[in-house]
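Numbering (the UniProt record's numbering), first residue to last: 1 to 365.
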């Protein structure tokens, strides 16, 4: 994770709140909090990319000197650990003429991915639930035809995981795992079709020490339904609310581990995963060396992942300060900013017949 992801993740996990710059309360720069429902979904979004929260991207774009509320360039991948890893993998696959199927769960994440592809100059195609039926066939034909300039096919797992023959691709990247393991298996099968002539590699990206590890573990358990799920009685109609609550809490709990134990793959390990033969491995190692040399020649270079000293002051909050801001938000929700006053209207007929006739004559009815 980048420093931004770690800060956002810690407070979302502990309090269920997302830090803001305070602009929503006319306190821009002083910081604030925003309580969000469905904590697990919010944690998944933070693991994927913090700019999936629009106000975070808008605040950071201003902090980094961008206009229009959109972050561009290398700061797109520096904010996310997964994007940084992709930035090391995709150039190597393009250099060796491998074609990639990249599956995502969230369409808003796919839009951020498109901005990154545009920054790197990667040619890609996109297919999600909004793609028209008549366009799907054309996209497949364009991607599969020999000599196609498109080496990445960006697909949503649900819309692109079934019924597509993409045998021209030999690398599948699962960017974020589905709770249902069969969805990911179906997505992988898009490359294992009749006509596939190359060795297929499947990569699954997972943020260490995060809710994604719990989701992946749950998905693996579901593959052995009889032993792990049905016999345990967790997903049948007989499990109590206490058992379901305990299961949810187990997912949210963070297992503290030393950084030395984090299984973050280095360049050599990644190269071993994606190289099909020794010549490719040697090429990838040389590409990594060239990249590090180029970065070292730049005196103003930034680390590949965003560090804490780059974060704005409004996001550097200790637990006590976050607790105070959260209490303020809860009090505001409870008591409001001042209740509205409704105008009182009297609809009763209080006029006598004589008074009514006078009004009638005066108005000329």
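All C-beta atoms, glycine included, are put in the ideal place defined by N, C-alpha and C.
In the structure shown, residue 100 falls within a strand segment according to DSSP collapsed to helix, strand and coil. Remark: C-beta atoms of residue 12 and residue 42 approach each other more closely than 7 Å. C-alpha of residue 40 to C-alpha of residue 47: approximately 11 Å in a straight line.
Cβ contact annotation for residue 288 (same chain, cutoff 6 Å, sequence separation greater than five): 267, in chain order. Using a C-beta cut-off of 8 Å, the segment 131 to 146 makes no contact with the segment 172 to 186, since fewer than three inter-stretch Cβ pairs fall below that distance. In this structure residue 35 is exposed. Its beta-carbon is surrounded by fewer than 16 other beta-carbon atoms within 10 angstroms.
In terms of CA proximity to residue 77, 306 leads the group 306, 320, 298. Beta-bridge analysis with DSSP links residue 155 to 103, 127. Sequence-distant Cβ neighbours of residue 57 in its own chain, meaning closer than 6 Å and more than five residues away, are 51, 71. Within the same chain, 77 come within 6 Å of residue 83 by CB-CB distance, once the 5 residues on both sides are set aside. A residue is called buried when at least 16 other Cβ atoms come within 10 angstroms of its Cβ; residue 356 does not meet this threshold and is exposed. Relative to the Cα of residue 5, the nearest Cα in the group 203, 95, 352, 211 belongs to 211. For residue 174, the three-state secondary structure derived from DSSP is strand. Residue 359 carries a helical assignment under DSSP once its states are collapsed to helix, strand and coil. When beta bridges are read from the DSSP output, residue 202 appears opposite 172.
Of the candidates 14, 96, 69, 108, the residue whose Cα lies closest to the Cα of residue 45 is 108.
Taking a 10 Å sphere around the C-beta of residue 113, we find 16 or more other C-beta atoms and assign the residue as buried. Cβ neighbours of residue 179 within its own chain (closer than 7 Å, five residues either side excluded): 215, 218, 219. In the three-state reduction of the DSSP assignment, residue 188 falls in the helix class, which pools H, G and I.
Collapsing the DSSP output to three states places residue 209 in coil. Per DSSP, reduced to three states, the secondary structure at residue 300 is coil, with no helix or strand assignment.
Between the alpha carbons of residue 297 and residue 158 lies a gap of roughly 44 Å. A straight line joining the alpha-carbon of residue 18 with that of residue 33 spans about 6 Å. Taking residue 281 as the centre and dropping the five residues before and after it, the same chain places the C-beta of 271, 275 closer than 6 Å to its C-beta, in chain order. For the pair residue 3 and residue 311, the CB atoms are nearer than the 7 Å cut-off. Only buried fits residue 168, as 16 or more other CB atoms lie within 10 angstroms of its CB.
Excluding residues up to 5 positions away in sequence, 101, 140, 143, 144, 153, 190, 191, 193 lie with their Cβ nearer than 8 Å to the Cβ of residue 166 in the same chain. When the five nearest sequence neighbours on each side are left out, the beta carbons in the same chain lying within less than 7 Å of the beta carbon of residue 49 are those of 79, 80, 83, 109, 112, in order along the chain.
By the neighbour-count definition (other C-beta atoms within 10 Å, threshold 16), residue 7 is a buried residue. Taking a C-beta distance under 7 Å as the contact criterion, residue 301 and residue 295 qualify as a contact pair. DSSP places residue 121 outside both helix and strand once states are collapsed to three, so it counts as coil.
At a Cβ-Cβ threshold of 7 Å, residue 73 and residue 61 do not count as neighbours.
With fewer than 16 other CB atoms across the displayed protein chains lying within 10 angstroms of its CB, residue 118 is exposed.
For residue 75 against residue 64, the beta-carbon gap comes to about 6 Å, under 8 Å, which counts as contact.
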